[in-house]
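Q: Take the sequence shown: its position 49, counting from 1, is numbered 49 in the working numbering, and each next residue is one higher.
Note that beta-carbon positions come from the ideal geometry of N, C-alpha and C, so glycine has one too.
Please find one structure pasted underneath; my questions will follow.
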Amino acid sequence: MRKAILNLNLLEDDRCFDWDSEIKVELTDITTDSHKTPSAQLKFYRRGLPELDITIDATSEDFEEIHVSSDQYAPEEEKTITIDVRNAGDAWIETVKLEVEIGELELKGYNGLEFHDQTIYKNLGCMEKDAEESINFTVIAPAWDGITSPYEINYSISAYAKGFDIKDGQHAANNSLTLTCTDPEIRVVKSVSYDEINMSPCNLMRSNKYSLRELVAGMPEAVIYNVSEWSTVELRVYNVGFYSVRNLNITDSLIPDGFEIAETHTKGSPACVSEETPYSIGYKLFPTKPGKYTFDAPSVEADFYGKDFSWESSGVTITVHGPHINLTKTVAEPEGGAYKVTLNLRNDGDRAAYINLTDTVPAGAGYIEESAEEGIIGGGLPLAEWDLDLCRVDDSHRITVEGVLLPPGTSLEASYLIRPDRFDKLDLPHAEVWFRARNYYEGVVRSSFWAAGAEVVQIWDPSAGGWVTPDNGSGEVDINETAVPTPTPTEPSNSTQFKTSQQVLLNRSDGNQTTLHTSPQLGVTDRLPHQLRGGMQWAGSVVGTVGKMASTIADTSLTVIVILIAVSGFLLAFVLLRTAGPPVSPGT
């Protein structure tokens, strides 16, 4: 322990002294103890010193969907910097000078500041205790070179301030702010033009020069045209950030069964997506089956200079309205030597349709007389509702049911018996249903057929231009000779005139096929079911026919057909009555 004696030469009344203006000692009291030993009570003071403190603040910005925080920069965008210098000490300080280095940043406007060599200079003068001085300025980050990783490009702002106290002692402070890049930002948007459409007709392109298979392979977007109702599903990828993103990995849902792609269009490339070059892909879809279809949410992934990012969008749905007619033909095990052939009609859609059913029992199948009439009893409709026609040609029988309304969610069943000599040698042709619904939507559905006693499922293959079996659906296709005729080949035309053609739609879920006949030039009566057209040919049965058909309509969408029938029927009856004989003079 060091000891020192300080001898003071003070006046009698002096109770304090200072030492070089650094220390002040004050005698506050003198006391004595019980032994009368004196003690001095002293209070010590130290000279106050100034203390500089520097803070650097930066603004945050929002550029559409991108938020740039206060410690981030955006290439070629402005950012305002505020520097505060405060005297946080216990004494004033004078000749305070501030220097700010901005590095590679560009200074926008000096605002009275001295600036050279990328350094800002400001003389703050004398600052009292707790005094504060501020400067602010705007900087702009350089453009990105497109090559260097943005994560390796940082910009620093450094501030340094110094001043002097009363004894010329220097006091200084410094601080810095580092600005880093933002992450890349991709916006993924999946949209649908129409989320609710109806089943409708279309046209199928044919060519005398090229086969339909060649057209499908070479120009898949040109196969279907004159589509009445369609929807476009589009996936768009926007770069809303400040950096180009390369080699995007895009995961999107497949086109659901129930749609055919009529057209495709793309713009840009996922190889590089920037603000100026977005990427998009869209599909013009034509429905082949009613239902509610979900297109799952797409996702986009990218490796951006060693960092993995992913973005996604919400999915979309499309609801397709219309009838969906299914036809099955089954042959039951023999009972007493007879085989039961059952035809089942089912409407799995949400709109009603009129149907005409046709089946042929070939010669040699051994059709059992009156079994068809007995087979429709209990088949979903009273016998009177079935317009059943049995036609015998040589030894074969053709069974026809016409003009039956099949509402949504309903089914009908008919059956007949056959007694062939040998079933394993028997060939049974397919049954066929023609249907027609609203929006001129009509088609043909086929069932399986039997060859040498074995069931053969057939499907319509647009690329092959005919009905094929699933095993032959690719490669060389054997077209069933009894298939519904394909459209008459026509050269592609830019004309806006409607074309009379036939479109077969593939039903991938159950093998049933729909053949659409688009004939816009037909009259209103030609668009009506066969049973209705036949009734309109005779004026005497017009009213009865109209009443019968009006009572069977279960779907309000077909009301317009009833109105047209009534109007056309009464007009026809009026004309016939007017022309049936000579006019009668009044009063005779």
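(1) Is residue 99 a contact residue of the ligand COA, with contact defined as CB to any heavy atom under 6 Å?
(2) Name, in chain order, the residues that DSSP records as bridge partners for residue 199.
(3) Could you tell me the boundaries of the alpha helix (DSSP H) in which residue 372 lies?
(4) Output the boundary residues of the beta strand (DSSP E) element that contains residue 440.
(5) Would a C-beta distance cut-off of 7 Å place residue 131 and residue 54 closer than the cut-off?
(6) Is it the case that the Cβ atoms of residue 163 and residue 85 are separated by a distance below 7 Å?
(7) Is the segment 189 to 197 close to the segment 255 to 262, with three or more CB pairs under 8 Å?
(8) Whose CA, out of 41, 73, 427, lies closest to the CA of residue 331?
(9) In or out: residue 363 buried (at least 16 other Cβ within 10 Å) or exposed?
(10) Apply the 10 Å Cβ neighbour rule to residue 360 and answer buried if 16 or more other Cβ atoms are within range, or exposed otherwise.
(11) Do residue 186 and residue 249 have their C-beta atoms within less than 7 Å of each other?
(12) Report buried or exposed for residue 545, applying the criterion of at least 16 other Cβ atoms within 10 angstroms of its Cβ.
(13) Quick check: the segment 412 to 419 against the segment 332 to 344, are at least 3 beta-carbon pairs closer than 8 Å?
(14) Counting C-beta neighbours from all protein chains within 10 Å, is the total for residue 458 16 or more, i.e. buried, or is it exposed?
(15) For residue 23, does the count of other Cβ atoms within 10 angstroms reach 16, so buried, or fall short, so exposed?
(16) Note down, one range per segment and in chain order, each beta strand (DSSP E) of at least 3 residues found wholly within the segment 171 to 195.
(17) Assign residue 243 to one of three DSSP states: helix, strand, or coil.
(18) Out of 439, 430, 56, 441, point me to the one whose CA is closest to residue 469's CA.
(19) Take residue 49 as the anchor and find which of 241, 165, 18, 108 has the nearest alpha-carbon.
(20) On the criterion of 16 or more Cβ atoms from any shown chain inside 10 Å, does residue 87 qualify as buried, or is it exposed?
(21) Hey, could you find the ends of the beta strand (DSSP E) residue 328 is sitting in?
(22) Cα separation between residue 60 and residue 294?
(23) DSSP has residue 294 in a bridge; who is on the other side?
(24) Mapping the DSSP letters down to three states, classify residue 337 as helix, strand or coil.
(25) Within 10 Å of its beta-carbon, does residue 526 have 16 or more other beta-carbons around it, so buried, or fewer, so exposed?
(26) Cutting at 6 Å between CB atoms, please list the residues of its own chain near residue 316, excluding the five before and the five after it.
(27) Find out if the Cβ-Cβ distance for the pair residue 233, residue 283 is shorter than 7 Å.
(28) Would the beta-carbon of residue 133 fall within 7 Å of that of residue 124?
(29) Could you tell me which residues DSSP puts in a beta bridge with residue 97?
(30) Identify the continuous beta strand (DSSP E) that holds residue 403 and give its terminal residues.
(31) Suppose you measure from the CA of residue 31 to the CA of residue 42; what does that come to, to the nearest Å?
(32) Taking the beta carbon of residue 326 as the centre, do at least 16 other beta carbons fall within 10 Å, making it buried, or is it exposed?
(33) Run the CB neighbour count on residue 442, radius 10 Å, all protein chains shown included, and call it buried at 16 or more, exposed below.
(34) Terminal residues of the continuous beta strand (DSSP E) containing residue 282?
(35) Note down the Cα distance separating residue 322 from residue 228, rounded to an integer number of angstroms.
(36) Go to residue 423, then tell me how far its beta strand (DSSP E) extends in each direction, as first and last residue.
A: Let me lay it out:
(1) You won't find the ligand COA in this model; it holds no ligand whatsoever.
(2) Answer is none; residue 199 lacks a bridge partner.
(3) For residue 372, the enclosing alpha helix (DSSP H) has its first and last residue at 371 to 376.
(4) Membership of residue 440 in any beta strand (DSSP E) is not indicated, and neither H nor E is assigned to it by DSSP.
(5) Judged by beta-carbon spacing, residue 54 lies beyond the 7 Å limit of residue 131, meaning their Cβ atoms are not closer than that value.
(6) Not closer than 7 Å, so no.
(7) No, the segment 189 to 197 does not touch the segment 255 to 262.
(8) Ranked by Cα distance from residue 331, the first of 41, 73, 427 is 427.
(9) When all chains shown are included, residue 363 counts as exposed.
(10) It is buried - the Cβ of residue 360 has at least 16 other Cβ atoms within 10 Å.
(11) Result no, Cβ atoms of residue 186 and residue 249 do not sit closer than 7 Å.
(12) Here residue 545 scores only 40 on pLDDT, less than 50, and its place in the model should not be relied on; the value that follows carries that caveat. Within a 10 Å sphere around the beta-carbon of residue 545 sit 16 or more other beta-carbons, which makes this residue buried.
(13) By the Cβ rule, the segment 332 to 344 counts as touching the segment 412 to 419, because three or more pairs are nearer than 8 Å.
(14) With 16 or more other Cβ atoms within 10 Å, it is buried.
(15) Exposed is the call here.
(16) You should have 186 to 192.
(17) Coil.
(18) Measuring from the Cα of residue 469, the nearest candidate turns out to be 430.
(19) Ranking 241, 165, 18, 108 by Cα distance to residue 49 puts 165 first.
(20) Buried is the label assigned to residue 87, since at least 16 other Cβ atoms lie within 10 Å of its Cβ.
(21) Secondary structure note for residue 328: its beta strand (DSSP E) is the uninterrupted segment 325 to 331.
(22) Looking at the backbone, the Cα of residue 60 and that of residue 294 are separated by about 40 Å.
(23) According to DSSP, which records beta bridges pairwise, residue 294 is partnered with 317.
(24) Under the three-state reduction of DSSP output, residue 337 falls in the coil class, being neither helix nor strand.
(25) For residue 526, the pLDDT reaches just 36, beneath the cut-off of 50, and the residue's location in the model is therefore unreliable, although a value from the coordinates is still provided. Its Cβ having fewer than 16 others within 10 Å, residue 526 is exposed.
(26) Around residue 316: 190, 192, 295.
(27) Taking 7 Å as the Cβ cut-off, residue 233 and residue 283 qualify as a contacting pair.
(28) It is a contact, given that the beta carbons lie within the stated cut-off.
(29) As DSSP reads the structure, residue 97 sits in a beta bridge with 123, 162.
(30) That run of the beta strand (DSSP E) goes 396 to 406.
(31) Distance between the alpha carbons of residue 31 and residue 42 is about 12 Å.
(32) Buried: at least 16 other Cβ atoms inside 10 Å.
(33) Buried: at least 16 other Cβ atoms inside 10 Å.
(34) Start and end: 279 to 287.
(35) In this structure, the straight-line span from the alpha carbon of residue 322 to that of residue 228 is close to 14 Å.
(36) Careful: residue 423 lies outside any beta strand (DSSP E) and carries neither H nor E.
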